[in-house]
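Novice: So this note's numbering is basically just the index in the sequence shown, starting at one, shifted up by 4. Every residue, glycine too, gets a C-beta built ideally from N, C-alpha and C. Here it is: the structure, laid out below.
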Amino acid sequence: MKIIIKIACFLSIITIPAIQIQSQESLWKIYDQRNSGENVVALLSNTSEASINNLEHSEKVFPELSLYCEEGSPNISIKINWKRYISSFNKTEIGIKIDGKNYTWLSFNLDKTGQISFQNPSTHSNELINKFKKITKLAVEIEPYSEPPINVYFNLSGFASHLENLKSICSQ
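Right, here's the structure in full:
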């Protein structure tokens, strides 16, 4: 009986790190869209750790953090698809908390659906991207129109290596 317990412990020691590595790799998805006819050349995305309420459709949704480049420009932009209505205004403020520090509030544009917030590369995107490379956990807060704030968390493990893949596609 003792030998079975020892074997089980040994197997768990071997398999747990492999599972963790696999889950970190699956956090990020890269989409090469060079031949799709779309304006976006490549997209690197990560889904939030937990869902939020979409009151319009009475469902739970998982926001998505994406970094992307567009046709004719190697610059990388940031967007968050909240997958729910945020506001009808053209701009909104988003709080970004990097590894437990205070929120830094930044201005983001909103798309016509009011669900996707984005920054252009000419703003703070490059600065934010460099900060993302040094952290493993990102907290984001937004206040939808006439609603309480929403907080989402993204696991950024493995971000730096995936960012290099995105940059490689964007620079071609």
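Counting only runs that start and end within the stretch 103-158, where is the beta strand (DSSP E) found for 3 or more residues in a row?
Specialist: Taking only runs of at least 3 residues, the beta strand (DSSP E) segments lying wholly in the stretch 103-158 are 108-114, 120-123 and 141-146.
Novice: Mapping DSSP to helix, strand and coil, what is K171?
Specialist: Residue state, collapsed to three classes: helix.
Novice: Quick one: what does DSSP say S77 is sitting in, helix, strand or coil?
Specialist: Reduced to three states, the DSSP call for S77 is coil.
Novice: Kindly indicate the opening and closing residues of the beta strand (DSSP E) around I34.
Specialist: Taken as a continuous stretch (DSSP letters only), the beta strand (DSSP E) holding I34 covers W32 to D36.
Novice: Any contact between the stretch 95-111 and the stretch 65-74? By contact I mean 3 or more CB pairs, one from each, below 8 Å.
Specialist: Taking 8 Å as the limit for Cβ pairs, the verdict is that the stretch 65-74 does not touch the stretch 95-111.
Novice: Can you give me the Cβ contacts of K171 inside the same chain, cut-off strictly under 6 Å, excluding the 5 residues immediately before and after it?
Specialist: Within the same chain, K171 has no close Cβ partners at all.
Novice: On the DSSP letters alone, give me the boundaries of the beta strand (DSSP E) that K64 sits inside.
Specialist: K64 -> beta strand (DSSP E) spans E63 to V65.
Novice: Under 8 Å, do P148 and Y89 count as touching if we go by C-beta distance?
Specialist: Contact: yes.
Novice: Round the Cβ separation of F158 and N50 to the nearest angstrom and send it over; I've been treating them as touching at under 8 Å.
Specialist: F158 to N50, Cβ: 5 Å. Contact.
Novice: For a quick check, are the C-beta atoms of S208 and P78 less than 8 Å apart?
Specialist: The chain is shown from 5 up to 176; residue 208 falls before or after that span and cannot be answered.
Novice: Looking at F163: is its Cβ nearer than 8 Å to the Cβ of K137?
Specialist: Result yes, Cβ atoms of F163 and K137 sit closer than 8 Å.
Novice: Suppose contacts are defined by Cβ-Cβ distances below 8 Å. Is S150 in contact with L31 by that definition?
Specialist: The answer is no: Cβ separation not under 8 Å.
Novice: Which residue marks the beginning of the beta strand (DSSP E) containing I56, and which one marks its end?
Specialist: Its beta strand (DSSP E) spans residues I56 to N58.
Novice: From the DSSP output, which residues share a beta bridge with N99?
Specialist: With the sequence shown as reference, residue 99 is identified as Gly, and Asn is not the correct amino acid for it. Bridge partners of G99: W109 and E145.
Novice: Can you tell me which residues form a DSSP beta bridge with L69?
Specialist: Beta-bridge pairing links L69 to N50 and I84.
Novice: Whole angstroms is fine: what's the gap from L47's alpha carbon to R38's?
Specialist: Rounded to the nearest angstrom, the two C-alpha atoms are 10 Å apart.
Novice: From this set, I80, K87, N106 and Q119, which residue's C-alpha is nearest K95's C-alpha?
Specialist: Nearest option by C-alpha distance: Q119.
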